[in-house]
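Undergrad:
There are 2 protein chains.
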Amino acid sequence: MRIIPAEQFNLSREVEYGTSAQNEAAREIVEAVRKEGDTALLRYTEQHDRIKLDAGKLRVTEAEIQAAYAHVDAAFLTAIRKAAANIRAFHEKQKRNSWMDLQPDGTLLGQIIRPLRRVGVYVPGGKAAYPSSVLMNVIPAQVAGVPEIVMVTPPSTGGQEGINPFILVAAAEAGVKELYRVGGAQAIAALAYGTETIEPVDKITGPGNIYVALAKRLVFGVVNIDSIAGPSEIAVLADDTANPVYVAADLLSQAEHDEMASSILVTSSKDLAEAVSQEVERQLKELPREEIARKSIESYGAILLTSSIDEGIEVINKLAPEHLEIMTKDSMELLGRIENAGAIFIGAYSSEPVGDYFAGPNHILPTNGTARFSSPVNVDDYIKKSSLIYYSKEALLQNGEHIIALARHEGLEGHARAIEVRLERELNA
Amino acid sequence: MRIIPAEQFNLSREVEYGTSAQNEAAREIVEAVRKEGDTALLRYTEQHDRIKLDAGKLRVTEAEIQAAYAHVDAAFLTAIRKAAANIRAFHEKQKRNSWMDLQPDGTLLGQIIRPLRRVGVYVPGGKAAYPSSVLMNVIPAQVAGVPEIVMVTPPSTGGQEGINPFILVAAAEAGVKELYRVGGAQAIAALAYGTETIEPVDKITGPGNIYVALAKRLVFGVVNIDSIAGPSEIAVLADDTANPVYVAADLLSQAEHDEMASSILVTSSKDLAEAVSQEVERQLKELPREEIARKSIESYGAILLTSSIDEGIEVINKLAPEHLEIMTKDSMELLGRIENAGAIFIGAYSSEPVGDYFAGPNHILPTNGTARFSSPVNVDDYIKKSSLIYYSKEALLQNGEHIIALARHEGLEGHARAIEVRLERELNA
């Protein structure tokens, strides 16, 4: 793994948002489903997933979900139940109440918090099935109180009843009751506009391939969407107290995700840099996904040498990494100086997979430097706020003149008069 | 004003997101500023605003801001100060603390809340200057703790030193210290990518013309943006206890904004419907902005007759109006049944301008039905969250096997090994 002075590293990474042909294809699919409903949905399912369904078969039955349990092992079931409980407990702490501010003149102001009514979760199909992503998307919505959570996932001929049983069990454990076997841009369009079979939703979340991502962009505004995820990243900030075996293993756990993933060690210790570099090479050879991980390490991986921990923190704040591990002598002390990071893992035992699967915080995190202004998926993503204004007669009589003054200065006489008609009537009453 | 049965009203409204020529123009400007910096910024300012500046004159000086105070009257100053205090007090209540969840095995999980570092606020120039929008954009950012708030507004030859003094005073009262006389798509590009004179920001908020809106879409991802505002809307839900003079005045205060604005009364009272319709006509004739308001009422206004309050609530929830006024016998009782609305005004004295200017809640609200999934501008829009995971050795030894099981079921062996190397070492230690 290359070791370079931090100042020589180019922090910026361009992200591809699809070719114009891909954009065109996504637009065509979205428009067709919008106009033709189920007919288009089934046509694209046949074209892209090579499965001929009729509309009555789109919805996955309760019996199919229950049958999936026979296909998963006890260790998985125990693990996913414990993970779900941890994720639920953490997100419960994010819940917020509506509040009111009561004023002595009788005025009530407030902020009302309500769950979204209906949310759609996209779960990718294909070879790599990620039951953990089902939990991370569904549980925050559930904790927020969303009454209708609908899941879509492409059918595949491989698994049980066409859908991976681990995905079905994760969905059932998370509490999903409405599930359709449909994927791609056509599934996004169905969720946004609705079809004869699928009712439209208010928000769509969950990762997918480039067509899914482009379709989500197209329907944004009709519904809300989560952010478009880029390739995954980890940065490790470490000093010579860190164990190079652990650091290397964590860098590689990120690198194995995909060739575009980025794994970066930031350290002022040359010894650690050398040791991690060697460890990465040693552990790489033993990885089943060696080829992917190696490409990722070679293209986007680096060990950045800094002159001090202070410079290291500066580099981290510029990177704004999706995942940050801190393995230094006084890790907790540095926390107050980390401005930008999606999730921060502190100490030798907080390996990134602890957060990816189990601890409780969400694993859907801002990528590609967007931790500067974005947050992990959380309960707030599944609620909406309304302001409440109950102005008393006394308050209006007291303050009406100021409201009128401001309206007139903006040239909005109609606004001024809406107040004035009330003042006139009430003062003369 | 037309009175129609509610079921005959078409609730959906298409929104225009710019012609392809406008998109092309915005893209060209953004790219030029990105590449050429100040040079392009000044060139477009000369082209579009007809003002030749050099880079040294872009920033508005403290002396210019102070000089603006001589050009505003005492009534305005008193009103804007009271409004600012109310807005600040309301938004203070939205602030949230970072929290930690301490577990008996030594594990700490948490959610860290931090302000964005640098935010850019766009303030439109031209004839209609809206000092209230300056307060509504800036104060929530300030309450969130954003250390750098920078404002941009196009120079105009009309006002004091090229910028409307009411805008300058509102900015000063809100606490803005960094202000540039630059507008249009070029200002958005400068905020997103930075130039020699203007440092880039993390988020851009504030309304603007179509080029500003399109430029904001283009830079989304590089920075965060607020939502793209559509035309303004009001819905009034009223019964025969409502005063038709007040209802009509409030409908018109919305209609005078622009020809695309939408003003809707929902009622089951035919008497109120008739009375409001006549009142609207009477008050219209006295409005300085009669022409705009009349077009708005004719194109997008309606009185919707329902068979009951229940049907009325259903209509409101489908409309998801930006502003909702409720003037019925037991207004507060209906609150729990309103699912979708940006701001809810209760009772006879809570006229919309109370919220537009003065009460404290934000006047930047979700338009065009997006209250289904969006919220008023609030302090959360100017913060970011990070998750904190400090896993103890005991917790890892206890739960490591579950994490490994989940990773292996997802085919991510590198993730499993990152845990395994720790278990092996610590169990053998």
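Order-wise, the sequence lines are chains A and B. By my numbering, the letter at position 342 of the first sequence is numbered 348, and the numbering carries on one by one without gaps. By my numbering, the letter at position 160 of the second sequence is numbered 166, and the numbering carries on one by one without gaps. All C-beta atoms in this analysis are idealised placements derived from N, C-alpha and C, irrespective of residue type, glycine included.
1) If we ignore side chains and look at the alpha-carbon of each, how far apart do Glu-328 (chain A) and Asp-316 (chain A) end up?
2) Please determine, among A:Ser-162, A:Lys-399 and A:Glu-419, the residue with the shortest C-alpha to C-alpha distance to Arg-431 (chain A).
3) In three-state terms, what does DSSP make of Ser-337 (chain A)?
4) Quick one: is Glu-419 (chain A) near chain B, going by C-beta distance under 8 Å?
5) Taking Cβ positions only, does Arg-428 (chain B) come closer than 8 Å to chain A?
6) Among the candidates B:Asn-215, B:Arg-295, B:Leu-412 and B:Lys-183, whose CA atom is the shortest distance from the CA of Gly-361 (chain A)?
7) Would Ala-424 (chain B) count as contacting chain A if we go by Cβ distances under 8 Å?
8) Could you confirm whether any beta carbon from chain B is found closer than 8 Å to the beta carbon of Arg-123 (chain A)?
9) Can you name the start and end residues of the beta strand (DSSP E) that Pro-11 (chain A) belongs to?
10) Applying the 10 Å Cβ sphere with the 16-neighbour rule, what's the burial state of Glu-419 (chain A)?
11) For Glu-339 (chain B), which residues in chain A fall below 8 Å Cβ to Cβ?
12) Over the uninterrupted alpha helix (DSSP H) stretch that includes Gly-169 (chain A), give me the two end residues.
13) Does Gln-148 (chain A) come within less than 8 Å of chain B when only Cβ atoms are used?
14) Could you check if Ile-173 (chain B) is buried or exposed, using at least 16 other CB atoms within 10 Å of its CB as the buried criterion?
15) Anything in the region 228-241 of chain A with a Cβ closer than 8 Å to a Cβ of chain B? List those residues in chain order, please.
16) Which value, in whole angstroms, describes the spacing of the CA atoms of Glu-416 (chain A) and Gln-148 (chain B)?
17) Can you tell which of B:Pro-171, B:Asn-374 and B:Val-207 has its C-alpha closest to the C-alpha of Ile-71 (chain B)?
18) Mapping DSSP to helix, strand and coil, what is Gln-117 (chain A)?
19) What are the boundary residues of the alpha helix (DSSP H) that includes Tyr-363 (chain A)?
20) Distance check for Met-142 (chain A) and Ala-12 (chain A), CA to CA, integer angstroms please.
21) Name the residue from A:Lys-209, A:Glu-265 and A:Ile-309 whose alpha carbon lies nearest to the alpha carbon of Gln-283 (chain A).
22) How about Ala-326 (chain B) and Arg-378 (chain B): are their beta carbons less than 8 Å apart?
23) Determine whether the Cβ of His-415 (chain A) lies closer than 8 Å to any Cβ atom of chain B.
24) Along chain B, in chain order, which residues have C-beta atoms closer than 7 Å to that of Lys-301 (chain A)?
25) Using only the alpha-carbon positions, how far apart do Gly-189 (chain B) and Gly-126 (chain A) sit?
26) Give the residues of chain B in contact with Asn-384 (chain A), contact being defined as C-beta atoms less than 8 Å apart.
27) With burial defined as no fewer than 16 other Cβ atoms inside 10 Å of the residue's Cβ, what is the status of Thr-25 (chain B): buried or exposed?
28) How big is the Cα-Cα spacing for His-1 (chain B) and Ile-389 (chain A)?
29) I'd like to confirm the pairing. Which residues does DSSP put opposite Thr-211 (chain A) in its beta bridges?
30) Under 8 Å between C-beta atoms, does Lys-222 (chain B) make it to chain A?
31) Determine, using beta carbons only, whether Val-360 (chain A) comes closer than 8 Å to chain B.
32) Residues of the region 340-354 of chain A in Cβ contact with chain B at a cutoff of 9 Å, in chain order, please.
33) Shorter than 8 Å from the beta carbon of Ile-322 (chain B) to some beta carbon of chain A?
34) Pop quiz: Ala-354 (chain B) and Leu-330 (chain B) are said to be a contact at Cβ under 8 Å. What is the actual Cβ separation, rounded to whole angstroms?
35) State buried or exposed for Glu-426 (chain A), treating a residue as buried only when at least 16 other CB atoms are found within 10 Å of its CB.
36) Classify Arg-288 (chain B): buried if its beta carbon has 16 or more other beta carbons within 10 angstroms, exposed otherwise.
TA: Well, looking at it:
1) In the first sequence, counting from the first residue as 1, residue 328 (chain A) sits at position 322. In the first sequence, counting from the first residue as 1, residue 316 (chain A) sits at position 310. Per the coordinates, the alpha-carbon of Glu-328 (chain A) lies some 20 Å from the alpha-carbon of Asp-316 (chain A).
2) As a position in the first sequence, residue 431 (chain A) is number 425, starting the count at 1. A check of alpha carbon separations from Arg-431 (chain A) across A:Ser-162, A:Lys-399 and A:Glu-419 identifies A:Lys-399 as the nearest.
3) Stepping through the first sequence from its first residue, residue 337 (chain A) is reached at position 331. Looking at Ser-337 (chain A) - three-state DSSP - the assignment turns out to be helix.
4) Position 413 of the first sequence holds residue 419 (chain A). Yes, Glu-419 (chain A) counts as interfacial toward chain B.
5) Along the second sequence, read from residue 1 onward, the residue named residue 428 (chain B) stands at position 422. Closer than 8 Å: yes.
6) In the first sequence, the residue the question calls residue 361 (chain A) occupies position 355. The residue from B:Asn-215, B:Arg-295, B:Leu-412 and B:Lys-183 with its alpha-carbon nearest to that of Gly-361 (chain A) is B:Leu-412.
7) Counting from 1 along the second sequence, the entry for residue 424 (chain B) is found at position 418. By this cut-off, Ala-424 (chain B) is an interface position.
8) Position 117 of the first sequence holds residue 123 (chain A). Closer than 8 Å to the CB of Arg-123 (chain A) there is at least one CB belonging to chain B.
9) Numbered from its first residue, the first sequence carries residue 11 (chain A) at position 5. For Pro-11 (chain A), the enclosing beta strand (DSSP E) has its first and last residue at 9-11.
10) The residue you call residue 419 (chain A) lines up with position 413 of the first sequence. Around the beta carbon of Glu-419 (chain A), a 10 Å sphere encloses 16 or more other beta carbons of the protein chains shown; the residue is thus reported as buried.
11) The sequence position of residue 339 (chain B) within the second sequence is 333, counting from 1. Those do not exist, as Glu-339 (chain B) stays about 13 Å from chain A at its closest Cβ, beyond 8 Å.
12) Sequence index remark: in the first sequence, residue 169 (chain A) carries index 163 (1-based). What sits at residue 169 (chain A) in the sequence shown is Ile, not Gly. Unbroken run through Ile-169 (chain A): none, as it is neither H nor E.
13) Position 142 of the first sequence holds residue 148 (chain A). Taking Cβ atoms only, chain B never reaches closer than 8 Å to Gln-148 (chain A), which makes this a no.
14) Reading the second sequence from its first residue, position 167 is the one you call residue 173 (chain B). The residue in question, Ile-173 (chain B), is buried, as its Cβ has 16 or more Cβ neighbours within 10 Å.
15) Per Cβ criterion, the list reads Val-229, Asn-230 and Ile-234.
16) Translated into the one-based positions of the first sequence, residue 416 (chain A) becomes position 410. Translated into the one-based positions of the second sequence, residue 148 (chain B) becomes position 142. Cα to Cα, the separation comes out at about 24 Å.
17) Locating residue 71 (chain B) in the second sequence gives position 65, counting from the first residue. Minimum Cα distance to Ile-71 (chain B) is reached at B:Pro-171.
18) In the first sequence, the residue the question calls residue 117 (chain A) occupies position 111. In this structure, Gln-117 (chain A) counts as strand in the three-state DSSP scheme.
19) Position 357 of the first sequence holds residue 363 (chain A). First-last of the alpha helix (DSSP H) with Tyr-363 (chain A): 358-363.
20) Your numbering for residue 12 (chain A) matches position 6 in the first sequence. Your numbering for residue 142 (chain A) matches position 136 in the first sequence. A straight line joining the alpha-carbon of Ala-12 (chain A) with that of Met-142 (chain A) spans about 34 Å.
21) Position 277 of the first sequence, counted from the start, is the residue given in the question as residue 283 (chain A). Correcting the residue type first, residue 283 (chain A) is Ser in the shown sequence and not Gln. Cα-wise, what sits closest to Ser-283 (chain A) is A:Ile-309.
22) Indexing the second sequence from 1 puts residue 326 (chain B) at position 320. Indexing the second sequence from 1 puts residue 378 (chain B) at position 372. Taking a C-beta distance under 8 Å as the contact criterion, Ala-326 (chain B) and Arg-378 (chain B) qualify as a contact pair.
23) Counting from one through the first sequence, the residue named residue 415 (chain A) turns up at place 409. Taking Cβ atoms only, chain B reaches closer than 8 Å to His-415 (chain A), which makes this a yes.
24) Working through the first sequence from its first residue, we reach residue 301 (chain A) at position 295. Within chain B, no residue has its CB atom less than 7 Å from the CB of Lys-301 (chain A), the nearest being about 14 Å off.
25) Walking along the second sequence from the start, residue 189 (chain B) turns up at place 183. Walking along the first sequence from the start, residue 126 (chain A) turns up at place 120. Cα to Cα, the separation comes out at about 39 Å.
26) As a working mapping, residue 384 (chain A) is identified with position 378 in the first sequence. Result: Gln-117 and Lys-391.
27) Here the question's residue 25 (chain B) lines up with position 19 in the second sequence. Burial state of Thr-25 (chain B) is exposed, judged by a 10 Å Cβ sphere holding fewer than 16 other Cβ atoms.
28) Shown here, chain B extends from 7 to 435; a query on residue 1 (chain B) therefore has no answer.
29) Residue mapping note: residue 211 (chain A) aligns to position 205 of the first sequence, counting from 1. Beta-bridge partners of Thr-211 (chain A) (DSSP): A:Val-127.
30) Residue mapping note: residue 222 (chain B) aligns to position 216 of the second sequence, counting from 1. No, its Cβ sits nowhere closer than 8 Å to a Cβ of chain A.
31) For the purposes of this step, residue 360 (chain A) is taken as residue 354 along the first sequence, with counting starting at 1. Among the residues facing chain B, Val-360 (chain A) is included, as its CB has a counterpart in that chain under 8 Å away.
32) Going along the region 340-354 of chain A in chain order, one finds Leu-341, Ile-344, Glu-345, Asn-346, Ala-347, Gly-348, Ala-349, Ile-350, Phe-351, Ile-352, Gly-353 and Ala-354 with a Cβ nearer than 9 Å to chain B.
33) Translated into the one-based positions of the second sequence, residue 322 (chain B) becomes position 316. No, no contact with chain A.
34) Mapped onto the second sequence, residue 354 (chain B) falls at position 348. Mapped onto the second sequence, residue 330 (chain B) falls at position 324. About 15 Å separates the two Cβ atoms, so there is no contact after all.
35) Position 420 of the first sequence, counting from 1, holds the residue named residue 426 (chain A). Classification for Glu-426 (chain A): buried.
36) As a working mapping, residue 288 (chain B) is identified with position 282 in the second sequence. Per the 10 Å Cβ criterion, exposed.
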